[in-house]
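Here our numbering is used: position 395 in the sequence shown is 395, and no number is missing along the way. Yeah, the Cβ is synthetic: ideal placement off N, Cα and C, and Gly gets one too. Note that the structure is predicted; figures quoted are calculated from it, not measured. Structure first, commentary second.
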Amino acid sequence: MVVAGDLEGLDRLMTRMQENEAMRPRKKNIGPRLILAIFCLALVGLPAAVALALDKNQIVQMTQMGLDDRAIMGAIDSAGDELSLDDEDVEGLREQGVSEDVINHLRRRGYVSSAAVEDDFDDDELDADFDELAPAPAEVDESEEERLERERLEAEREEEIRRRAEELREQEEQDAARAQELGRAASQLPQARSHLDSNNNMAGARIYLEFLAFNPEYGSDEWYEATFGLARALVQEGIYSGATTPLLEVLMQGADRQHFDESFRMLQRLTRNINYQPPLLEELTQFHIGNKSETFQNEFNYYMGKFFFDYRRMELALEYLDKIPENASQYPEARYLAGVARLDSAVNDIPGALRNFEGAILAAEAAPGGNEDILQLGYLALARTFFEVGFFDVALYYYQQIPSESARHADAVFESAWSYFMKNDFERALGAFHSLHSPYYAQRYYPELYILEATVYLNLCKFPKSQRALAEFQSQYLDQRPVLQTYLEETFEPAAYWEMMNSAYENGSNPELPRLFTNAVLESISFYNIHQIIRSLESERDSLAANIDALGEFGEEVLERVEEQLEMNIEEGGIVVQQRLTAVDQELEQWVSRAMQIEIDIASEEIEQSRQELQNPDYQPQEAVDAGTTLMVVADDWQPWPFEGEYWLDEVASYRSRMRTECIEQ
Numbered sequence: 001m002v003v004a005g006d007l008e009g010l011d012r013l014m015t016r017m018q019e020n021e022a023m024r025p026r027k028k029n030i031g032p033r034l035i036l037a038i039f040c041l042a043l044v045g046l047p048a049a050v051a052l053a054l055d056k057n058q059i060v061q062m063t064q065m066g067l068d069d070r071a072i073m074g075a076i077d078s079a080g081d082e083l084s085l086d087d088e089d090v091e092g093l094r095e096q097g098v099s100e101d102v103i104n105h106l107r108r109r110g111y112v113s114s115a116a117v118e119d120d121f122d123d124d125e126l127d128a129d130f131d132e133l134a135p136a137p138a139e140v141d142e143s144e145e146e147r148l149e150r151e152r153l154e155a156e157r158e159e160e161i162r163r164r165a166e167e168l169r170e171q172e173e174q175d176a177a178r179a180q181e182l183g184r185a186a187s188q189l190p191q192a193r194s195h196l197d198s199n200n201n202m203a204g205a206r207i208y209l210e211f212l213a214f215n216p217e218y219g220s221d222e223w224y225e226a227t228f229g230l231a232r233a234l235v236q237e238g239i240y241s242g243a244t245t246p247l248l249e250v251l252m253q254g255a256d257r258q259h260f261d262e263s264f265r266m267l268q269r270l271t272r273n274i275n276y277q278p279p280l281l282e283e284l285t286q287f288h289i290g291n292k293s294e295t296f297q298n299e300f301n302y303y304m305g306k307f308f309f310d311y312r313r314m315e316l317a318l319e320y321l322d323k324i325p326e327n328a329s330q331y332p333e334a335r336y337l338a339g340v341a342r343l344d345s346a347v348n349d350i351p352g353a354l355r356n357f358e359g360a361i362l363a364a365e366a367a368p369g370g371n372e373d374i375l376q377l378g379y380l381a382l383a384r385t386f387f388e389v390g391f392f393d394v395a396l397y398y399y400q401q402i403p404s405e406s407a408r409h410a411d412a413v414f415e416s417a418w419s420y421f422m423k424n425d426f427e428r429a430l431g432a433f434h435s436l437h438s439p440y441y442a443q444r445y446y447p448e449l450y451i452l453e454a455t456v457y458l459n460l461c462k463f464p465k466s467q468r469a470l471a472e473f474q475s476q477y478l479d480q481r482p483v484l485q486t487y488l489e490e491t492f493e494p495a496a497y498w499e500m501m502n503s504a505y506e507n508g509s510n511p512e513l514p515r516l517f518t519n520a521v522l523e524s525i526s527f528y529n530i531h532q533i534i535r536s537l538e539s540e541r542d543s544l545a546a547n548i549d550a551l552g553e554f555g556e557e558v559l560e561r562v563e564e565q566l567e568m569n570i571e572e573g574g575i576v577v578q579q580r581l582t583a584v585d586q587e588l589e590q591w592v593s594r595a596m597q598i599e600i601d602i603a604s605e606e607i608e609q610s611r612q613e614l615q616n617p618d619y620q621p622q623e624a625v626d627a628g629t630t631l632m633v634v635a636d637d638w639q640p641w642p643f644e645g646e647y648w649l650d651e652v653a654s655y656r657s658r659m660r661t662e663c664i665e666q
């Protein structure tokens, strides 16, 4: 049996539990209500010989702690004869929240001295649930077996009390030690920030990690500071994948927190380097940024516009892109993206798209130092849009705005050739073809170039030249196609595709495939984007490996995640390569069919021309200039320029054939 001694210990225990409740983390909380309930239930089961003293203050304390009335009444039943109250005491209990059930129970037990004791209560009206909690009194004629069972149950209750009390003591000690360690770790946070300011990122990260390991209160100022500091340290060190989780937690705390602006700019950096833009970032649109600087608002609106643009939610993208004013540095890019968004089928606003592209060009020209990238993209967008709607002359004007030294110049010349072809301007079409045969573009993947050229010669009734163009198509593409097909049939793993193409990117060629086919992949923007991400992840992996000791378990977890992302992106990149090479093979099949049709047309037209020649023996074709002759633009005039085997980069887009048709008019 437990000899509890003075009941003052209960008062002290409840006071300590109230203090501990405020300090204890929720995850490890041992509820004081549960402890007191067990304690009081145990008191109910104690024999009268060891009953504890109880006073009105402790009844009030138990009420304020939220104990159930039945537990309080059980404690009262175990209080012995020393508890004595009068009507004034009862009124005080009532004012301090003690329930009427407890007060009535005090009266029934005879603990209240009053001249007007209510006599309309008796023991038969006790709550049935309370009777179930209280231990059954020993029967007068209790058997030995029943007595042993009762004593066993009492011993178990007493053991539970001791166990719970020991747990409470151990928890208090742990909480005290944790509070001390947490305070010590928090005192190091200013030093961690100093490390970051001096670019000693890993030393700062280690301090932040030590603090966060104590599980400070989520959202508290110290937690916020440490989480932001950890993200900043990792971003500055180039460990972008490791920074994603803490950075996102800081951002989701809201735009009114101290480090939101700086965190958002770090997010922009992560997006550029590893394309980090999870769907959860849409939640950022719920924050009010109207009180931020105009510069920040422009950055935010452009980022969210680009975010929705990348997710092909064009209407939302336009909502943010259209907020950016003309004086913002992001205005040229915003106008260009808005133009592309308005061409999307979900919006289908071609006039609006044209206005946006024109605005992008004007803004790019006016930007300090110029914005050549947006300038060229704007010209190409206008040219392609006008080409699609059949305004070929307007399209040609904008194609000609792309400078010859630009990486986009080859595409501009090639698409110009299509424009000339579509408007039946065969002279200029042949001049564009001639330009694309120059060494500057010889390795570009343009298989239809020879098909278009053969078609133009066919239309001019220059059948030998048409057949020569088809022969070049056969030599340059079809003769090498079996190598491509064999590679596709024998290569299955995406990683193998990526390794081959990465080697071609690094070395300029790869022995496994002809350069024309690898160039068809290297010229695609999808390959370029994923290659940049993989390079960034590889750099991050190396940085993590070099600092793994400083980051400890956290660093190992991040390194594992980076390696998983790297493997996933390599697989994705390999699939992109495989899909592009497969598309190349399928495209060649289509152009083979077109080439065969041209050969049939050549044979048919030759027969027709022979028949016309027999019917018109006196017909004289127009004078033809040598096939190598071209023209170069000088000011507003065209001047003859005999081609002598050399190409000049600033001239290749200016060639024009002077060949005339040899078809015999009927």
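| Item | Value |
| --- | --- |
| Candidates N424, F463, E472 and A243, of which the one nearest Y446 by Cα | E472 |
| Own chain partners of S543 with C-beta closer than 7 Å, once the 5 adjacent residues on each side are dropped | E237, G238 and I239 |
| L153, buried or exposed, once every other Cβ within 10 Å from all chains shown has been counted against 16 | exposed |
| Pair within 8 Å by beta-carbon distance, F414 and N459 | no |
| Euclidean distance between Cα positions of D89 and D69 | 18 Å |
| Cβ-based burial, N424 [other Cβ within 10 Å; buried from 16] | exposed |
| Segment contact, 8 Å Cβ cut-off, at least three pairs: the stretch 151-168 with the stretch 198-205 | no |
| CB contact flag (V690, E315, <8 Å) | No answer is possible for residue 690: it lies beyond the span of the chain, which begins at 1 and ends at 666. |
| Under the three-state DSSP convention, the category V389 falls into | coil |
| Straight-line Cα distance separating P514 from Q480 | 7 Å |
| Close Cβ partners of D344 (< 8 Å) along its chain, the five nearest in sequence each way excluded | R312 and M314 |
| Collapsed DSSP secondary structure at E644 in the structure displayed | For E644, the predicted model reports a pLDDT of 39, less than 50, meaning its position is unreliable and no value from the coordinates is stated. |
| Option in E490, L537 and Q597 with minimal Cα separation from Q578 | E490 |
| Reduced DSSP secondary structure (H/G/I, E/B, other) of I530 | helix |
| Exposure label - Y536; buried when at least 16 CB within 10 Å | It should be pointed out that residue 536 corresponds to Ser in this sequence rather than to Tyr. The residue is buried, with at least 16 neighbouring Cβ atoms inside 10 Å. |
| Residues sharing a beta bridge with L711, DSSP | With the chain covering only 1 through 666, there is no way to say anything about residue 711. |
| Within 8 Å, strictly: CB atoms of A432 and A454 | no |
| According to DSSP, residues forming a beta bridge with S113 | D86 |
| N298 in three-state terms, based on DSSP | helix |
| Rounded C-alpha distance that separates F421 from A395 | 13 Å |
| Touch test, the stretch 587-601 against the stretch 522-529, Cβ-Cβ under 8 Å, three pairs minimum | no |
| Nearest-angstrom Cα separation, counted from N298 out to Y379 | 25 Å |
| 6 Å CB neighbourhood of G204 in its chain, flanking five on each side removed | A192, H195, L196 and A233 |
| Backbone CA spacing between Q157 and E151 [nearest angstrom] | Here the sequence assigns Arg to residue 157, which means Gln is not the residue at that position. R157 and E151: Cα-Cα distance of roughly 10 Å. |
| Buried or exposed (CB count within 10 angstroms, at least 16 for buried), T486 | exposed |
| Start and end residues, alpha helix (DSSP H) containing E210 | N201 to L212 |
| Supposed close pair E249, T227 - CB separation, criterion 8 Å | 6 Å |
| Sub-8 Å separation of A520 and R580 beta-carbons | yes |
| Candidates S466, E493 and Y440: closest to D411 by CA position | Y440 |
| Per-residue DSSP class, three states only, for N348 | coil |
| 8 Å contact criterion, which P332 and A360 should meet: CB distance rounded | 5 Å |
| Where L316 falls: helix, strand or coil (DSSP) | helix |
| Residues that N510 bridges to, as DSSP identifies them | L513 |
| Option in F300, H288, L267 and G92 with minimal Cα separation from P278 | L267 |
| Residue from Y336, A367 and F517 whose Cα sits closest to the Cα of E358 | Y336 |
| Start-end ranges of the alpha helix (DSSP H) lying completely within the stretch 337-381, minimum 4 residues | 350-366 |
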